[in-house]
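Take a look at the structure set out below.
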């Protein structure tokens, strides 16, 4: 009896360990992603070209940056992240983003030029 | 790596527009509680909501793809961050369901024999290991950069400390056998771009780091399965290194015989090799890797009122980064007081500290806790500014008003 127990232990040691964890199926339901974009010229262009891939907050929470920096960000979305942005809509998108910044962030600080 | 992508449904331009149109029908936002993150120049207010499944009250930076930040008060309650308050960061939409029996971790590239392991096979690949370690986004505190930089505008809550359970990555790699001359080990998860040709979020470790004793393929977080939002069923754990390498929903491991030219290694998540200002252009960069020490005062918020003429106890948390914490000092003005450290729960974890100021005579202007690790790395007085807003570890200062 003792011998067979030892043998059993050796067999176990010779293999991979039995998993100490069990994996179950998992699922969650994510919250709605409402188009929480304040009214303003260009809002529809942003909805048509930007918010299918990410929430509006990603744009609205950015610090105050120059028009040129917004242009480079939209360009990165198109060239790097392959966002299907309508080229004709880009001026309206940039216009909306800069308009929103005027409403949500502090005026530019001349001592700390940004972008 | 492109061939390993799973494609839950790529967006055509038409689908993008249709998707956006459908979203306009979503329920309007309910009245929200807002929190002010104190980001210089703003915008600084964020919703504070328990809106995500399995998560309690979190700072909602972004719903899609989710960016959830841990409120500072959570770090005052203990050194381990509860799973339901642990930060969340996804680059691309991730699947919202996992079929455990169907899930595989494919190991390929510079290996002797490519394999595709079931979850049970991964869990049985070696000894089960536990490690307490801080998981911190490389961009934690980016929103506090001054001058500001673009990107996810985190306060300091894109970090957490957990007890991770898993097997060593090197034991999992042994199932395929790493070929001689391997340079790096790259990871991919189930989060893939919506658009064709966009870079998948894949990250790689140098082979010597990948083979470390404490680098894990983990399934457990604080004694529970990983929450789906934190990478169920498996994620990489690299104690001492930033979270960008802790790839979630692990599905592919690729051993590389060469350097990694993928986007999020070669272009993203990089820091300059020397100090820079916003005016500097074309400075050479290297990937952000190991974490420096950090400390946060958690007992008092900036601007809190304290009692004049009485002793004051301050407390907080600190970490050593990629080496054990050595000491924490309260600094500011003419103050320089050594803090008492709480129990050591593991060199890569948070550690509690506390200190008592014998008598509060006046306002405490811009005081902070300064952590030093056993390698002598110490938090700097001035922000080591970089254009990506990475690896923030300047001394975090607050002002307390005596009354």
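Residue numbers (our numbering), protein chains in the order written: chain G, 14 to 128; chain L, 36 to 438. C-beta atoms are modelled at their ideal positions from N, C-alpha and C, and glycine is treated no differently.
Just the chain L side, please: which residues come within less than 7 Å of residue i by C-beta, in chain order?
i: residue 44 (chain G); result: 86, 87 and 98
i: residue 77 (chain G); result: 76
i: residue 52 (chain G); result: The contacting residues do not exist; residue 52 (chain G) stays about 14 Å from chain L at best.
i: residue 103 (chain G); result: Chain L residues near residue 103 (chain G): none, gap ~14 Å exceeds 7 Å.
i: residue 96 (chain G); result: 230
Residue i CB to nearest chain L CB: under 7 Å?
i: residue 33 (chain G); result: yes
i: residue 71 (chain G); result: yes
i: residue 89 (chain G); result: no
i: residue 109 (chain G); result: no
i: residue 116 (chain G); result: no
What is the rounded straight-line gap between the Cα of residue i and the Cα of residue j?
i: residue 218 (chain L); j: residue 144 (chain L); result: 11 Å
i: residue 99 (chain G); j: residue 124 (chain L); result: 28 Å
i: residue 78 (chain L); j: residue 306 (chain L); result: 25 Å
i: residue 125 (chain G); j: residue 72 (chain L); result: Caution applies to residue 125 (chain G), whose pLDDT of 48 falls short of 50 and renders its modelled position unreliable; the value that the coordinates give is listed next. So the alpha carbons of these two residues sit roughly 20 Å apart.
i: residue 236 (chain L); j: residue 266 (chain L); result: 13 Å
i: residue 386 (chain L); j: residue 48 (chain G); result: 41 Å
i: residue 87 (chain L); j: residue 216 (chain L); result: 44 Å
i: residue 376 (chain L); j: residue 136 (chain L); result: 45 Å
i: residue 133 (chain L); j: residue 122 (chain L); result: 20 Å
i: residue 148 (chain L); j: residue 302 (chain L); result: 31 Å
i: residue 274 (chain L); j: residue 373 (chain L); result: 26 Å
i: residue 269 (chain L); j: residue 127 (chain L); result: 17 Å
i: residue 419 (chain L); j: residue 318 (chain L); result: 15 Å
i: residue 437 (chain L); j: residue 246 (chain L); result: 52 Å
i: residue 401 (chain L); j: residue 340 (chain L); result: 14 Å
i: residue 254 (chain L); j: residue 324 (chain L); result: 23 Å
i: residue 329 (chain L); j: residue 104 (chain G); result: 42 Å
i: residue 174 (chain L); j: residue 434 (chain L); result: 24 Å
i: residue 64 (chain G); j: residue 256 (chain L); result: 33 Å
i: residue 333 (chain L); j: residue 347 (chain L); result: 14 Å
i: residue 35 (chain G); j: residue 152 (chain L); result: 15 Å
i: residue 120 (chain L); j: residue 93 (chain L); result: 7 Å
Quick one: is residue i buried, meaning 16 or more other Cβ sit within 10 Å of its Cβ, or exposed?
i: residue 113 (chain G); result: buried
i: residue 90 (chain L); result: buried
i: residue 22 (chain L); result: The displayed coordinates of chain L run from 36 to 438. Any statement about residue 22 (chain L) would go beyond what the structure contains.
i: residue 295 (chain L); result: buried
i: residue 162 (chain L); result: exposed
i: residue 360 (chain L); result: buried
i: residue 33 (chain G); result: exposed
i: residue 417 (chain L); result: exposed
i: residue 414 (chain L); result: buried
i: residue 84 (chain L); result: buried
i: residue 308 (chain L); result: exposed
i: residue 342 (chain L); result: exposed
i: residue 97 (chain G); result: buried
i: residue 80 (chain G); result: exposed
i: residue 38 (chain G); result: exposed
i: residue 233 (chain L); result: buried
Would you say residue i faces chain G, with C-beta separation under 7 Å as the test?
i: residue 288 (chain L); result: no
i: residue 304 (chain L); result: no
i: residue 163 (chain L); result: yes
i: residue 268 (chain L); result: yes
i: residue 254 (chain L); result: yes
i: residue 137 (chain L); result: no
i: residue 206 (chain L); result: no
i: residue 124 (chain L); result: no
i: residue 226 (chain L); result: no
i: residue 263 (chain L); result: yes
i: residue 245 (chain L); result: no
i: residue 233 (chain L); result: yes
i: residue 158 (chain L); result: yes
Run down chain G in chain order and give the residues with a C-beta less than 7 Å from the C-beta of residue i.
i: residue 154 (chain L); result: 36
i: residue 285 (chain L); result: Per Cβ cutoff of 7 Å: no residues; residue 285 (chain L) is ~13 Å from chain G at best.
Note down, in chain order, every chain L residue with its Cβ under 8 Å from the Cβ of residue i.
i: residue 86 (chain G); result: 185
Using a C-beta to C-beta distance shorter than 9 Å, which residues of chain G count as neighbours of residue i?
i: residue 5 (chain L); result: In this structure chain L extends from 36 to 438, so residue 5 (chain L) is not present and cannot be described.
Using a cut-off of 8 Å between C-beta atoms, extract the partners of residue i located in chain A.
i: residue 188 (chain L); result: No chain A is part of this structure, whose protein chains are labelled G and L.
Could you tell me whether the segment 308 to 319 of chain L touches the segment 202 to 220 of chain L, where touching means 3 or more Cβ pairs closer than 8 Å?
no
Using 8 Å as the Cβ pair cut-off and three pairs as the minimum, do the segment 194 to 204 of chain L and the segment 74 to 92 of chain G touch?
no
Any chance the segment 226 to 233 of chain L sits against the segment 141 to 161 of chain L, with 3 or more Cβ pairs inside 8 Å?
no
When the Cβ atoms of the segment 252 to 265 of chain L are set against those of the segment 366 to 377 of chain L, are three or more pairs found closer than 8 Å?
no
Could you tell me whether the segment 134 to 151 of chain L touches the segment 101 to 108 of chain L, using the rule of 3 or more Cβ pairs below 8 Å?
no
Is it a yes or a no for the segment 171 to 188 of chain L touching the segment 111 to 119 of chain L, going by three-plus beta-carbon pairs under 8 Å?
no
Does the segment 50 to 57 of chain G come within contact of the segment 192 to 200 of chain L, defined as at least 3 CB pairs closer than 8 Å?
no
Between the segment 103 to 118 of chain G and the segment 69 to 89 of chain G, are three or more C-beta pairs nearer than 8 Å?
yes
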